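J.:
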Amino acid sequence: MIDIKLIRENPEIVRESQRKRGFSSEEVDKIIKLDREWKELKKEVDGLRSKRNKISIEINEAKKSGKNAEGLLKEAREIPKQLEEKEELSKEKLASRDFLLREIPNIIDKSVPAGNAEKNKIIKKIGKLKKLKFKVKDHAELLESAELIDTKKAAEVAGSRFYYLKGELVRLNQAIINFALDFLDKKGFSLMQPPYMLRKNALEGAMPLNAFEEMIYKIEGEDLYLIGTSEHALNAYYMNEIIPAKKLPARFAGISSCFRKEAGSHGKDTKGIFRTHQFEKIEQFVFCRQEDSWKEFNLILKNTESLFKQLKIPFRIVVLSSQELGRTATKTIDFEGWFPSQNAYRELGSCSNCLDYQARRSNIKYSTYGIVC
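With the working numbering as the guide, the letters of the sequence shown map in order to residues 1 to 373.
1. Can you tell me which residues form a DSSP beta bridge with residue 165?
2. Can you tell me the Cβ-Cβ gap for residue 15 and residue 25, rounded? I've got them flagged as a contact below 8 Å.
3. Examine the Cβ distances between the stretch 106-114 and the stretch 330-346 and report whether three or more of them are shorter than 8 Å.
4. Indicate the three-state DSSP secondary structure (helix, strand or coil) for residue 378 in the structure shown.
5. Tell me, please, which residues DSSP counts as bridged to residue 281.
6. Under 8 Å by Cβ, that's how I've got residue 250 and residue 205 pegged, so tell me the actual separation to the nearest angstrom.
7. Spatial neighbours of residue 102 within its chain, please: C-beta separation below 7 Å, excluding the five flanking residues on both sides.
8. For residue 192, I'd like the list of residues in its chain whose CB is within less than 6 Å of its CB, leaving aside the five on either flank, ordered along the chain.
9. For the beta strand (DSSP E) holding residue 322, just list the boundary residues, first then last.
10. Report the start-end ranges of each beta strand (DSSP E) in the stretch 45-128 that is 3 residues or longer and not cut off at the edges.
11. Would DSSP call residue 244 helix, strand or coil?
12. Is the CB-CB distance between residue 148 and residue 167 below 8 Å?
13. With H, G and I counted as helix, E and B as strand and the rest as coil, what does DSSP make of residue 1?
14. What does the alpha-carbon distance come out to for the pair residue 376 and residue 347?
15. What span of residues does the beta strand (DSSP E) with residue 368 cover, start to end?
16. Between which two residues does the alpha helix (DSSP H) harbouring residue 228 extend?
17. Which residue from 7, 45, 43 puts its Cα closest to that of residue 32?
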């Protein structure tokens, strides 16, 4: 969630960010209007409370001096109703303002290229692409023929975009997971396996749920959602807490299964195990001081690049354009691996800086020398 002070003092920054994302800036104007109305009502409420206290003193003084206080008493009896009405209206305006404020995406960093996917900026390529003189089979065909996956049986029992991993592929999957966890452990990241389900308020601390609800699975009859990434559960770890500054930066390596509906992916990557409803993922997540966020962002970029180099997969590093950014990120850099069968690079990993966006949504603060930041 962005700071309301930014909209009050520099609304054009927010409007411009909205336009770069391809969104309307009308919501910004609605927030400004609601905020102005709320401040006026708050002023009226404070005035009525002050008036109530003043009249109460005047009534006591009138009674002590034997003066007629009937007029003051009549006026005092009218204040509670007026106060109740103004307080209720004030709460409504504040709730409406904050609801819209939570829906505004993060402010885009100045270094992010403006535009759609065509404006994504390739900043580095690592590894040589082999020139093959034969037709390359895709991973689905290779794994099915080697009996290492079974998507047909999975489709029978669970539907499309599910799979059974079999034999040595199970070991390979676990080996890659352990390799990544060992790598991050040596880099000083604390390993964590979070809950695979979160309550709505915890999930909303990580992202605007309205924008992603069709992508995630809801547990029927429960206030629980299956996580689409361990990022959301790691973010919730310090929800509503004040972290001592001496514990920062707090770096976590999360491992979890992830569950996604993949809405909007109809007809895309229907073969194999590339775009599925369930998969495992390693997540780097850092809580840090605001002034250290870019340093920590560069650290997770360096870690990701180093890890993929060790896997010896040809890959490239891409800065996402403004219209490709997730709503919580100020900047995102993707790592795309080379798929010979598709003659294309495809996303293997992604690193984002969210600044204080998720911390504000989750009410996460830190304290230094007794001062809460």
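A virtual CB, placed ideally from N, CA and C, is assigned to each residue, including glycine. Every value quoted in this text rests on a predicted model; they were computed, and no experiment measured them.
T.: In short:
1. 149
2. 4 Å
3. yes
4. Only positions 1 to 373 of the chain appear in the structure, and residue 378 is not among them; the question remains open.
5. 256
6. That belief does not hold up - the Cβ atoms of residue 250 and residue 205 are roughly 16 Å apart, past 8 Å.
7. 1, 208, 361
8. 252, 254
9. From DSSP, residue 322 is part of no beta strand (DSSP E); its letter is neither H nor E.
10. 121-126
11. strand
12. yes
13. coil
14. Nothing in the structure corresponds to residue 376, since the chain is present only between 1 and 373.
15. 365-368
16. Residue 228 -> no alpha helix (DSSP H), and no H or E assigned at all.
17. 7
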